[in-house]
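Colleague:
In full-length UniProt numbering, the protein residues as written are 1 to 504.
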């Protein structure tokens, strides 16, 4: 079953014929028989006639050949390819009226071989790929071919592929030279239209890959395995750009637009069981390549007016695609892991949180507003920059100005908090010095400790007020602007800080 790339109401269904519906399946037209019309009951499997097999008759297939792969050209709706389980490759250039069987033009593959996948290419109307699976015949060779003339001639594409049947092939929607191959044991990648293949190095399991596809909008690679779940590689755009940038000193790949949102809650109730995989990183995924002879790079996220929002320092793996997820936020508030419970800022240990949180519970800075940002990576004297589009939460009826009101409010709070944090660090040192030379009841020491309590009152107040807007722990955040009550509390907190700072 396949849905047209050109019309959501057009549906294809494969049998021994191709059935075509233009009205979402309410009515159908059928083609001629596109299989070899061979009666498999008359064939033998391991010396036994198909008609005599009682269990898993004809190896679990029907008695007659069927279409098991359908591919409509993404460039022209009247070009359709089909592959059958009895070896036929049929192509139509007129929407299914007339068909041409072209498997006989392929050399090096026995007739009747199982067509595991046929794929119409985005390169041009006459280009397509086909893969065969002959493990049923005890043949474990990989079979991959490409045509650029509607199947008149075919080129084998197996250099770099080990033994193992091929189940599926996919083409990157942004670059026809980038191909993915799902085989009996692994996933393989080509950046030169299949002329060379390399094993996809990642944390993927060694298993059979039955299917794979690339999301047309997000460009995520989705892999379906036999018994080992499905896997997702977020945003394969860097692979589409690789061939033109792989030798640059430093390069930032195109950054997919990011969307602001809040998690419904950070954790599940303890009585709930988790049946989900790991969530993708929140925010903008920044992919980059460094070939310069440096140990680390500086990554800077800026607003359009060159206001620095976030700065990272990352180690370099030379010649490899590296990634960093910017969480669409300012830096987190300063804190120490060993801060006491009396300060109200102690962070729970990850192993003490059950079930596993939906995302990290580390302290977070304010969220940025929707708009255009940029990321620059500096490697020595070399730099590279890409824009980042941050979109608003599509489920909220908020204006950009509403987001900006909250952002400005939280940034003001962050400044108060950071000033109080810095003063608290100085007072800690001062208290430690005084405790070494003064009695614990000394008035001077008591006064300094009182000052520290006042400073931490400001810190705690800023933290609590910020969490009412941006969330934290089990509290859900929002992007709504601060209320008048929030504004009044900010003024009170600012006044308290002014008094505390003047006294110190």
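For each residue, glycine too, the CB sits at the ideal point set by N, CA and C.
Predicted model only: the values in this text are computed from it and were never measured.
Measure the Cβ-Cβ separation of residue 147 and residue 191 and say whether it is below 9 Å.
Modeller: no
Colleague: If we ignore side chains and look at the alpha-carbon of each, how far apart do residue 420 and residue 330 end up?
Modeller: Annotation: residue 420 to residue 330 spans about 18 Å, alpha carbon to alpha carbon.
Colleague: Locate the alpha helix (DSSP H) running through residue 415, then write down its first and last residues.
Modeller: 400-437 is the span of the alpha helix (DSSP H), which, as asked, contains residue 415.
Colleague: Hey, quick one: how far does the beta strand (DSSP E) through residue 519 stretch, first residue to last?
Modeller: This structure cannot speak to residue 519, because the chain is shown only from 1 to 504.
Colleague: Within 10 angstroms of its Cβ, does residue 226 collect 16 or more other Cβ (buried), or is it exposed?
Modeller: exposed
Colleague: Go ahead and pull the three-state DSSP assignment for residue 345.
Modeller: Any reading at residue 345 must be qualified, since the residue scores a pLDDT of 49, below 50, and its modelled position is unreliable; no value is offered.
Colleague: In whole angstroms, what separates the C-alpha of residue 536 from that of residue 397?
Modeller: Shown here, the chain extends from 1 to 504; a query on residue 536 therefore has no answer.
Colleague: Quick check: residue 159 and residue 197, are their CB atoms within less than 9 Å of each other?
Modeller: The answer is yes: Cβ separation under 9 Å.
Colleague: Given this structure, state the Cα-to-Cα distance separating residue 344 from residue 286, to the nearest angstrom.
Modeller: Reliability fails at residue 344, whose pLDDT of 46 lies under 50, so the model's placement of it is uncertain and the value that follows must be treated cautiously. So the alpha carbons of these two residues sit roughly 34 Å apart.
Colleague: Pairing CB atoms from the segment 139-155 with CB atoms from the segment 105-116, are three or more of them under 8 Å?
Modeller: yes
Colleague: So for residue 154, helix, strand or coil by DSSP?
Modeller: In the three-state scheme derived from DSSP, where H, G and I count as helix and E and B as strand, residue 154 is classed as coil.
Colleague: Any chance the segment 460-473 sits against the segment 485-492, with 3 or more Cβ pairs inside 8 Å?
Modeller: Contact between the segment 460-473 and the segment 485-492 is established, with three or more Cβ pairs separated by less than 8 Å.
Colleague: Give the straight-line distance between the Cα atoms of residue 418 and residue 434, rounded to the nearest whole angstrom.
Modeller: Near 24 Å, if we compare the C-alpha coordinates of residue 434 and residue 418.
Colleague: Looking at C-alpha atoms only, which residue of 296, 219, 307, 320 is the closest neighbour of residue 314?
Modeller: 296
Colleague: Buried or exposed: where does residue 129 fall if 16 or more other Cβ atoms within 10 Å of its Cβ makes it buried?
Modeller: buried
Colleague: So what's residue 338 in DSSP terms, helix, strand or just coil?
Modeller: Note that residue 338 has pLDDT 47, beneath the 50 cutoff, so the model's placement of it is unreliable and the number below is only indicative. Coil at residue 338, not helix or strand.
Colleague: Measuring straight from C-alpha to C-alpha, what distance separates residue 174 and residue 494?
Modeller: 52 Å
Colleague: Among residues of its own chain, excluding the 5 on either side of residue 76, which ones have a beta-carbon nearer than 6 Å to its beta-carbon?
Modeller: If we look at residue 76 and ignore the five residues flanking it on each side, its Cβ neighbours are 125.
Colleague: Please list the segments of the beta strand (DSSP E) lying wholly inside the segment 184-223, counting only runs of 3 or more residues, in order along the chain.
Modeller: The segment 184-223 contains these whole beta strand (DSSP E) runs: 187-190, 209-214.
Colleague: Looking only at its own chain, which residues have a Cβ that is under 6 Å from the Cβ of residue 337, when we skip the five neighbours before and after it?
Modeller: Note that residue 337 scores a pLDDT of 47, beneath 50, so its modelled location is shaky and nothing firm can be said.
Colleague: Quick one: Cα of residue 202 to Cα of residue 241, how far?
Modeller: 19 Å
Colleague: Do you know whose CA, among 212, 289, 262, 258, lies nearest residue 244's CA?
Modeller: It is 289.
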